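What follows is one structure encoded as structure tokens, with my remarks underneath.
2 protein chains.
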Amino acid sequence: MTRAEASLAHLYKVFTKPEGNDSRLLQIEQHLSDNLADFLSRHVVASNTSLEDIEHHFDDAALPEHPQFVSEHAEHLLEKLVSNSVNTYSPRFIGHMTSALPYFHLSLAKLLVGLNQNLVKIETSKAFTPLERQVLGMMHQLVYEQNDEFYAQYLHSARHSLGAFCSGGTIANISALWVARNTLLKADTEFRGVQRDGLAAGLQHYGYKKLAVLTSQRGHYSLRKAMDVLGLGREQLIALPCPDQTLDAEAVRQKGRELQEQGIKVMAIVGIAGTTETGHVDPLAELAEVATELHCHFHVDAAWGGATLFSRNHAHLLNGIKLADSVTLDAHKQMYVPMGAGMVVFKDPQASNAVRHHAQYILREGSKDLGATSLEGSRNGMAMMLYASLHIFGREGYQLLIDQSIDKARRFAVMIEDHPDFELTTSPHLCLLTYRIRPAAFQSPDNEKLDMLNKAVQKQQREAGNSFVSRTRLETKDYPETPITVFRVVLANPLTTDEDLHAILDEQAQLARAHKIWTELS
Amino acid sequence: MTRAEASLAHLYKVFTKPEGNDSRLLQIEQHLSDNLADFLSRHVVASNTSLEDIEHHFDDAALPEHPQFVSEHAEHLLEKLVSNSVNTYSPRFIGHMTSALPYFHLSLAKLLVGLNQNLVKIETSKAFTPLERQVLGMMHQLVYEQNDEFYAQYLHSARHSLGAFCSGGTIANISALWVARNTLLKADTEFRGVQRDGLAAGLQHYGYKKLAVLTSQRGHYSLRKAMDVLGLGREQLIALPCPDQTLDAEAVRQKGRELQEQGIKVMAIVGIAGTTETGHVDPLAELAEVATELHCHFHVDAAWGGATLFSRNHAHLLNGIKLADSVTLDAHKQMYVPMGAGMVVFKDPQASNAVRHHAQYILREGSKDLGATSLEGSRNGMAMMLYASLHIFGREGYQLLIDQSIDKARRFAVMIEDHPDFELTTSPHLCLLTYRIRPAAFQSPDNEKLDMLNKAVQKQQREAGNSFVSRTRLETKDYPETPITVFRVVLANPLTTDEDLHAILDEQAQLARAHKIWTELS
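Sequences listed follow chains F and G, in order.
Going from the first sequence to the numbering used here is simple: count from 1 and add 1.
Going from the second sequence to the numbering used here is simple: count from 1 and add 1.
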């Protein structure tokens, strides 16, 4: 056997034979399975390591020349990567929209990679294609509540699509506005449509100077990205002020009329069902009415808040969502599915035909290949994770999860209001709220200094690594002119207890009181 | 304890305590770990089930009301989903670009979900952000071979980016052309740029009627999708004929000049390094020259073929790739990483600033958040899978894999040429080739009938489920006028033996000879 043949034989083993049970990688796996919380608390340790220090572990762009043993590499990952990761599972990590996951996703992740299907095309996904279509149907029903006949007709129709699965809310929002743009500038007897002839020709044909999209200042940054990508220009996203944190339908009506009088066509209104920064829900039913008046697309970004629809106690908070032409949902937020499970659903099963593509060797006409109407091409089978969650939790289970989150946010708001060092800056909406350090004892609210103090505390808390809240800058009802710096928390982790919340406030108060700005201000 | 409290207590268990080792899901996991090939051959069984039958398993859009036990659901997934999936691991499944994966990815998938980092933002990814930047640097070096100083300067720079990780080649191609468009129609003293003011204003300012992109007819369908999304219009993708399967640089030069004389600006030339249909590589160095002459962006779609650069024996086949302004690479193809690992790399570390975005609560200016210059927002940490593969295989290991694939394709071509029933329709390029049933004994090549026969055999073979080749329609050197139907195979699976290849040909010959068209034609 030559050296090359021997190396090749060794390589084949990596494709066929796992190492023994005593291998480092399998030990890690076992620990993950046995007790994820324990694994993370033991291995995610270096939370106060600076980013620069972490970067030193990952600053070699040279390709390694020689192979490394799997066990050796596993140890390397533990030391350099896992130890410096963020413990998103921790009940005191409440600053972002991801949280603890149900343990069964660990096993399913392995099944997903073992099957390694490609959802772009039915030949490499087969059962996953119908499964994904069913999941999209379930999400469609969650939002639009159509009857059985509707789903019998459209769920598996090759000429229709109830939505698209994608990596996340950004792609979902871009997809929705792409459909809106292509539908508005569609083909007619004298024009071949924006899809074929482009945006400039479309605007000219229909006599529009520009296309605008109306939303609130709390609209997700991905909407601006969408405007850029779609060629509409970021400045044509008109983000209306919202000191009350929600979009004022009357202001949208006025602005829309004003624009249309100037020859600028309103292409879409985007309402938000759970803003990223404060959790507020726009008046969806009223916005739908304005969209009808302005003859434009109505999109709802419910990436984070959409899961509220599972709860019969709280679904009413999203009243009017079923009037939307399209809705963005992220299962990796309040549906407790791992990262990478975004979706857009369309009310009209014909809608996505505005962006349908075909090719010879793939996505043949009449085929049910999912890639024909989605922005992404090759994709993995993440829909399975949501499918499993929907069955294992059931609607009832999700309702319990949603309800406990909202209850917890309300209890936390009370704790903040009862605490002399803090100010609740926006009341809890869904399970999100914002607050800041602002002791009642301070003479006057010197917001500039308070901003510095809040920013410093948030950073110190993050670096200490026991807990994490995020921060943002907001105009609020009490501070409508200049944005103030606030803490932002999302109470979605079912493992977070009231004790955790008290501990977080105590830590912040302690850090604040030790800070020199505190002394200056008191 | 009320019923609701009891249910909630049960739900918490799903977040904290795995079921016992005897649970169905853990049994499945164990089987996956012990012997993936055996798991798949036992459970992926119903390969001749019709799509309609599979759809019946997934035709209920109603949300399940009540929770289901995890073990019960695991059994359901095995019966309905896994059994009807495609065995992409099988050495006789050679029709697509995915293949068997090294076993360590199963464990890593579990680690990835256990950590559940969100790469959009450093606060929820921390070590994963530097890791992803390193991986992008490694891919940049694979393509552009810059020196250590270059990477020391740019790898972790907040104001630069060497590329973007994304779900797949489609998003990578869209990202590259997005950067090209925004760079071409950039801001100057009298114009705020296409990113802010949109495409129509950009065209007007620069005095272009339209923007065109030149590629060959073998260009990936995602390029047309990109033209649509970016507002350029699908018709402005000029796909030049290529009976030799590669783009003729002189034809591009002529067409480019012709367009520019008409006031249509050539925005980009897209060369392909490994076409999806035949594996051919365009003359990249010549195309780069034409791009320089036309003052346009040069993009190379090396989604599939890029991994060839790992092999010192075959890297020369991609000569000129380092002259590209941007390159698409898919690690889930010839780098043997699970689905969902696409990338685009940019020669100029400033390039992606043309699409940079900021937001208050996220992607703050000067931050190193990866979401600031990527099309996608929230994303998972797939880069870890490629990082691990690069270390565990090393460049040497990848070279062995690439070399064995190319050798195998060449051997398969000889088998086909030696077989009286088959015709090699395109010679092997990289590890891809096409062929068809066309017995020497047949009187004249009645291509219409042969197409029907080849199509029928491909379908029957797929339905029988022992093996899988894909099919497409192609113009070739011998048949330059009307496309013919051909089989298409990718010999990337290291587990595929010559015996497997003989078996595939035998099965096809047998199916063909039993078909009524064969009798008609002989």
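Every residue gets a Cβ at the ideal spot worked out from N, C-alpha and C, and that includes glycine.
None of the values given here were measured: they were computed from a predicted structure.
Discussion item. Using C-beta distances below 6 Å, list every residue in its chain close to residue 213 of chain G, excluding the 5 sequence neighbours before and after it, in chain order.
Written reply: 237, 239, 260, 265 and 267
Worksheet item: How is residue 211 of chain F classed by DSSP in three states: helix, strand or coil?
Response: strand
Fill in: Amino acids of chain F, ordered along the chain, whose beta-carbon sits closer than 7 Å to that of residue 85 of chain G
127 and 128
Worksheet item: How is residue 268 of chain G classed by DSSP in three states: helix, strand or coil?
Response: strand
Discussion item. Quick check on the DSSP output: the beta strand (DSSP E) that includes residue 438 of chain G runs from which residue to which?
Written reply: 433–438
Worksheet item: List, in order along the chain, the chain G residues whose C-beta lies closer than 7 Å to that of residue 237 of chain F?
Response: 199
Worksheet entry | Bridge partner(s) assigned by DSSP for residue 240 of chain F | F:216
Discussion item. Does any residue of chain F have a CB that is nearer than 8 Å to the CB of residue 60 of chain G?
Written reply: yes
Item to complete: Give, in chain order, every residue of the segment 218–230 of chain G whose Cβ lies closer than 9 Å to some Cβ of chain F.
Response: 221, 222, 223, 225, 226, 228, 229 and 230
Discussion item. For residue 424 of chain G, list the residues DSSP reports as bridge partners.
Written reply: G:437
Worksheet item: If you run the structure through DSSP and keep just helix, strand and coil, what is residue 206 of chain G?
Response: helix
Worksheet item: Taking contact to mean at least 3 C-beta pairs separated by less than 8 Å, is the segment 133–149 of chain G in contact with the segment 372–392 of chain G?
Response: yes
Discussion item. Going by DSSP, what residue range makes up the alpha helix (DSSP H) through residue 492 of chain F?
Written reply: Unbroken run through residue 492 of chain F: none, as it is neither H nor E.
Worksheet entry | Helix, strand or coil at residue 429 of chain F according to DSSP, with G and I counted as helix | strand
Practice prompt. Please classify residue 95 of chain F: does DSSP put it in a helix, a strand, or coil?
Written response: coil
Worksheet item: With residue 68 of chain F and residue 393 of chain G assumed to form a contact (beta carbons below 8 Å), what rounded beta-carbon distance in angstroms separates them?
Response: 6 Å
Discussion item. If you measure between the beta carbons of residue 298 of chain G and residue 289 of chain G, is that distance less than 8 Å?
Written reply: no
Practice prompt. State the Cα-Cα distance for the pair residue 286 of chain F and residue 169 of chain F, rounded to the nearest angstrom.
Written response: 25 Å
Worksheet item: Counting only runs that start and end within the segment 334–397 of chain G, where is the beta strand (DSSP E) found for 3 or more residues in a row?
Response: 343–347
Worksheet item: Checking contacts by CB at 8 Å: is residue 162 of chain G closer than that to chain F?
Response: no
Worksheet entry | Three-way DSSP call (helix, strand, coil) for residue 170 of chain F in this model | helix
Worksheet item: Going straight from the alpha carbon of residue 453 of chain F to that of residue 92 of chain F, what length do you get?
Response: 27 Å
Item to complete: Quick one: grab the DSSP three-state call for residue 164 of chain G.
Response: strand
Worksheet item: How many angstroms separate the CA atom of residue 523 of chain G from the CA atom of residue 109 of chain F?
Response: 52 Å
Worksheet item: In chain G, which residues lie less than 8 Å from residue 142 of chain F when you measure between Cβ atoms?
Response: 62, 63 and 64
Worksheet item: Does the segment 320–330 of chain G come close enough to the segment 149–156 of chain G to have 3 or more Cβ pairs within less than 8 Å?
Response: no
Item to complete: Go ahead and label residue 314 of chain G buried or exposed: buried means 16 or more other beta carbons lie within 10 angstroms of its beta carbon, across all protein chains shown.
Response: exposed
Worksheet item: Contact between the segment 66–83 of chain F and the segment 244–264 of chain F: three or more CB pairs below 8 Å?
Response: no
Practice prompt. Specify the secondary structure class of residue 302 of chain F as computed by DSSP and reduced to three states.
Written response: strand
Fill in: Unbroken beta strand (DSSP E) run spanning residue 83 of chain G, endpoints
Here residue 83 of chain G belongs to no beta strand (DSSP E), and DSSP marks it neither H nor E.
Fill in: Test: residue 467 of chain G CB closer than 8 Å to a CB of chain F
no
Fill in: Min CB distance residue 157 of chain F to chain G below 8 Å
yes
Discussion item. If contact is defined by three or more beta carbon pairs under 8 Å, each pair taking one atom from either stretch, is the segment 423–435 of chain G in contact with the segment 477–485 of chain G?
Written reply: yes
Item to complete: Note down, in chain order, each residue of its chain lying with its Cβ closer than 6 Å to the Cβ of residue 501 of chain G, except the 5 sequence neighbours on either side.
Response: 92 and 93
Worksheet item: What residues in its chain sit with their C-beta under 6 Å from that of residue 194 of chain G, if we drop five residues either side in the sequence?
Response: 187 and 188
Fill in: Same chain only: Cβ atoms within 8 Å of residue 263 of chain G, ignoring 5 sequence neighbours per side
210
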